[in-house]
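Colleague: Can you read through this structure? Questions will come right after.
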């Protein structure tokens, strides 16, 4: 069982990096909270993130559809640095 | 358990179709050898991958299922073990390269001779590698060019001699990479675009890699990343000399009367057991499963498993250990862009420095926190629910980043 850590406000704290923890370690209420989160932020095909409302709230420019990802049309390059070249490229070339 | 008819003997039997197994298959088949490669997991195609964070990250689309395929870990030899997702890389054709973003800076000369530099470290079994960087240099070059790696030669001040530039220039600069470069410049540290197993431009008949958000821990639905699944497996298949058997679970290396490896005992999807014999048996199952297979291959001649006269097989295993410092920034980092790992790095602390009080050092780079996507991004101390959790999601999703140190 994950140790029940709580914040000052009394809500349980998520582990910072969750690579080794799994949902089966969670009790009922934390699991319910996690599944609510998953529903709200998952791809809209699941029905919880209707009209991408979850993504809009936090500012995630997700794909218009999963097909956009599959075909490679979905790109996040617009959210890269204005200067696409790493510094030092001129001296190195 | 049923025994199946003995398959035809092969020149080489490779166990594990991941990064090293697939590379070996390519090289050996291209030199004319007949290779059988056994892989415990499935041979998945790109149609089974995609941009679904819930399936890939939260529901283990690629990772071993922690209930069906658990691992145990203990911190001390005599300590209690616990079940956890230790080293949960994909177990399938392509192995860890199916889900990675492929940071590929080279080891330095000194990384191969840490014992010579540090000396004896009490309580450890530290030794130098039996091979040197110089001996490996030409193979690093061959791999970078066969696989398709993007990077810039000479940008890492601490890199050892290289005989050839990278085949592709660095990937574009992400905002988090830019922030990292700026921070390093301020501190007087050398930083460089992280060399990466992806194509910044078309190369070798392949298109440039798509810069998606669904990359880390996601398979590649576009087939454009440099992975063993996308590159080396097809290269080996194209020779007509590779027989790749997925869903083939090897349980033992068999030995001949002289005690030399003669084949692999495996069962297929239906539980039928076979013995694949070969002149050469190559174990390429990663640090954990290779050690496990050696230890499982016991006999009256080798009661402690194969290649284990030292009793060190399976001990001191680490999974790329890292620690992280997490930060939020005034300006957006868009840590999901490129999947969170199109990065910049520094080797400023890679070498050993006695004044730090520990042996060795590590590669430092920047990345998104956890998997920087809406469900699974995180900040330390964020509550799991409630108004504060929502506020942090709204205010910080765009602005977080992580400095990531480790070998």
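Chains as they are written, first to last, in my numbering: chain A, 213 to 305; chain B, 10 to 416.
Note that the Cβ used here is the ideal one computed from N, Cα and C, for glycine as well.
The structure displayed is predicted, hence computed values, not measured ones.
1. For residue 30 (chain B), tell me which candidate among B:179, B:252, B:176, B:175 has the shortest Cα-Cα distance.
2. Inspect the beta-carbon positions of residue 348 (chain B) and residue 182 (chain B) and report whether they are closer than 8 Å.
3. Name the chain D residues that come within less than 8 Å of residue 402 (chain B), Cβ to Cβ?
4. Can you list, in chain order, the residues of the segment 264-298 of chain A whose Cβ is nearer than 7 Å to any Cβ on chain B?
5. Taking C-beta pairs closer than 8 Å, name the residues in chain A that residue 184 (chain B) reaches, listed in chain order.
6. With a CB to CB cut of under 7 Å and the five nearest residues on each side skipped, what residues in its chain are close to residue 443 (chain B)?
7. Please classify residue 265 (chain B): is it buried, with 16 or more other beta-carbons within 10 angstroms of its beta-carbon, or exposed?
8. What are the boundary residues of the beta strand (DSSP E) that includes residue 372 (chain B)?
9. By a C-beta neighbour count over all protein chains shown, 10 Å radius and 16 as the cutoff for buried, is residue 219 (chain B) buried or exposed?
10. In the DSSP assignment, find the alpha helix (DSSP H) that holds residue 177 (chain B) and state where it starts and stops.
11. Apply the 10 Å Cβ neighbour rule to residue 211 (chain B) and answer buried if 16 or more other Cβ atoms are within range, or exposed otherwise.
12. Quick check for students: name the residue ranges of the alpha helix (DSSP H) that lie wholly in the segment 127-179 of chain B, counting only runs of 4 or more.
13. Below 8 Å on the Cβ atoms is my guess for residue 274 (chain B) versus residue 286 (chain B); work out the distance and round it to an integer in Å.
14. Taking residue 35 (chain B) as part of the alpha helix (DSSP H), name the residues at either end of that continuous run.
15. To which residues does DSSP link residue 198 (chain B) through a beta bridge?
16. Pull up the distance between the alpha-carbon of residue 7 (chain B) and that of residue 311 (chain B), whole angstroms please.
17. Is it the case that the segment 12-28 of chain B contacts the segment 295-312 of chain B, given that we only count it when at least three CB pairs across the two stretches are under 8 Å?
18. So that I know if they touch, is there some Cβ in chain A lying closer than 8 Å to that of residue 187 (chain B)?
19. Any beta carbon of chain B sitting closer than 8 Å to that of residue 256 (chain A)?
20. For chain A, find out if any of its Cβ atoms is closer than 8 Å to the Cβ of residue 231 (chain B); answer yes or no.
21. Would you grab the beta carbon distance between residue 255 (chain A) and residue 74 (chain B) for me? Rounded to a whole angstrom, and I think it's under 8 Å.
22. Which two residues bound the contiguous alpha helix (DSSP H) that contains residue 19 (chain B)?
23. For residue 239 (chain A), decide whether its Cβ has a neighbour in chain B, counting only Cβ atoms nearer than 8 Å.
24. Taking 8 Å as the cut-off, does the segment 226-233 of chain B touch the segment 386-402 of chain B (at least 3 CB pairs, one atom from each stretch)?
25. In angstroms, rounded to a whole number, what distance separates the CA positions of residue 84 (chain B) and residue 313 (chain B)?
26. Apart from the five residues on each side of it in sequence, which residues of its chain come closer than 6 Å, Cβ to Cβ, to residue 254 (chain B)?
27. For residue 67 (chain B), which three-state DSSP category applies?
28. With a threshold of 8 Å, are at least 3 pairs of Cβ atoms found where one atom belongs to the segment 77-91 of chain B and the other to the segment 130-144 of chain B?
Modeller: In brief:
1. Translated into the one-based positions of the second chain, residue 30 (chain B) becomes position 21. Nearest option by C-alpha distance: B:252.
2. The count along the second chain starts at 1 and reaches residue 348 (chain B) at position 339. The count along the second chain starts at 1 and reaches residue 182 (chain B) at position 173. Judged by beta-carbon spacing, residue 182 (chain B) lies beyond the 8 Å limit of residue 348 (chain B), meaning their Cβ atoms are not closer than that value.
3. In summary, chain D is missing from the structure at hand, where the protein chains are A and B.
4. Taking 7 Å as the Cβ-Cβ cut-off, the segment 264-298 of chain A approaches chain B at 266, 267, 269, 270, 271, 272, 275, 278, 281, 282, 284, 286, 287, 288, 289, 291, 292, 293, 295, 296, 297, 298, given in chain order.
5. For the purposes of this step, residue 184 (chain B) is identified with residue 175 of the second chain, where counting begins at 1. Under the 8 Å cutoff, chain A gives 291, 292, 293.
6. With chain B represented from 10 up to 416, any question about residue 443 (chain B) goes unanswered, as that position is not in the structure.
7. The count along the second chain starts at 1 and reaches residue 265 (chain B) at position 256. Its Cβ having fewer than 16 others within 10 Å, residue 265 (chain B) is exposed.
8. Taking the first residue of the second chain as 1, we reach residue 372 (chain B) at position 363. Counting along the chain, the beta strand (DSSP E) containing residue 372 (chain B) begins and ends at 372-376.
9. On the second chain, residue 219 (chain B) is found 210 positions in, with the first residue counted as 1. Buried: at least 16 other Cβ atoms inside 10 Å.
10. Position 168 of the second chain holds residue 177 (chain B). Annotation for residue 177 (chain B): no alpha helix (DSSP H) segment contains it, and DSSP assigns it neither H nor E.
11. Here residue 211 (chain B) corresponds to residue number 202 of the second chain, with the count starting at 1. Its Cβ having fewer than 16 others within 10 Å, residue 211 (chain B) is exposed.
12. Every alpha helix (DSSP H) of 4 residues or more that sits fully in the segment 127-179 of chain B is shown, in chain order, as 142-156.
13. The residue you call residue 274 (chain B) lines up with position 265 of the second chain. The residue you call residue 286 (chain B) lines up with position 277 of the second chain. Taking the Cβ atoms as the reference, residue 274 (chain B) lies roughly 10 Å from residue 286 (chain B), outside the contact range of under 8 Å.
14. The residue given as residue 35 (chain B) occupies position 26 in the second chain. From DSSP, the alpha helix (DSSP H) with residue 35 (chain B) extends over 28-39.
15. Walking along the second chain from the start, residue 198 (chain B) turns up at place 189. Answer by DSSP bridge pairing: none, since residue 198 (chain B) is not bridged.
16. Look at the range of chain B in this structure, 10 to 416, and you will see that residue 7 (chain B) is not part of it.
17. Yes, since at least three Cβ pairs between the segment 295-312 of chain B and the segment 12-28 of chain B fall closer than 8 Å, the two stretches touch.
18. Taking the second chain and counting its residues from 1, the one referred to as residue 187 (chain B) is at position 178. It does; some Cβ of chain A falls within 8 Å.
19. By one-based count along the first chain, residue 256 (chain A) stands at place 44. It does not: the Cβ of residue 256 (chain A) has no partner Cβ on chain B nearer than 8 Å.
20. Counting from one through the second chain, the residue named residue 231 (chain B) turns up at place 222. Yes, residue 231 (chain B) counts as interfacial toward chain A.
21. Counting from one through the first chain, the residue named residue 255 (chain A) turns up at place 43. Counting from one through the second chain, the residue named residue 74 (chain B) turns up at place 65. Taking a contact as a CB-CB distance under 8 Å, the pair residue 255 (chain A) and residue 74 (chain B) does not count as one, their CB atoms being some 21 Å apart.
22. By 1-based counting over the second chain, the position of residue 19 (chain B) is 10. No alpha helix (DSSP H) holds residue 19 (chain B); the beta strand (DSSP E) holding it covers 19-24.
23. As a position in the first chain, residue 239 (chain A) is number 27, starting the count at 1. Using a Cβ-Cβ cut-off of 8 Å, residue 239 (chain A) does not count as an interface residue toward chain B, since no Cβ of chain B sits closer than that to its own.
24. In short, these stretches do not touch, since the Cβ pair count stays below three.
25. The residue you call residue 84 (chain B) lines up with position 75 of the second chain. The residue you call residue 313 (chain B) lines up with position 304 of the second chain. For residue 84 (chain B) and residue 313 (chain B), the gap between their C-alpha atoms comes out near 22 Å.
26. The residue labelled residue 254 (chain B) in the question sits at position 245 within the second chain. Closer than 6 Å at Cβ, skipping near neighbours: 47.
27. Residue numbering aside, residue 67 (chain B) sits at position 58 when the second chain is read from its first letter. Of the three classes helix, strand and coil, the one that applies to residue 67 (chain B) here is helix, per DSSP.
28. The segment 130-144 of chain B and the segment 77-91 of chain B do not touch, with fewer than three beta-carbon pairs separated by less than 8 Å.
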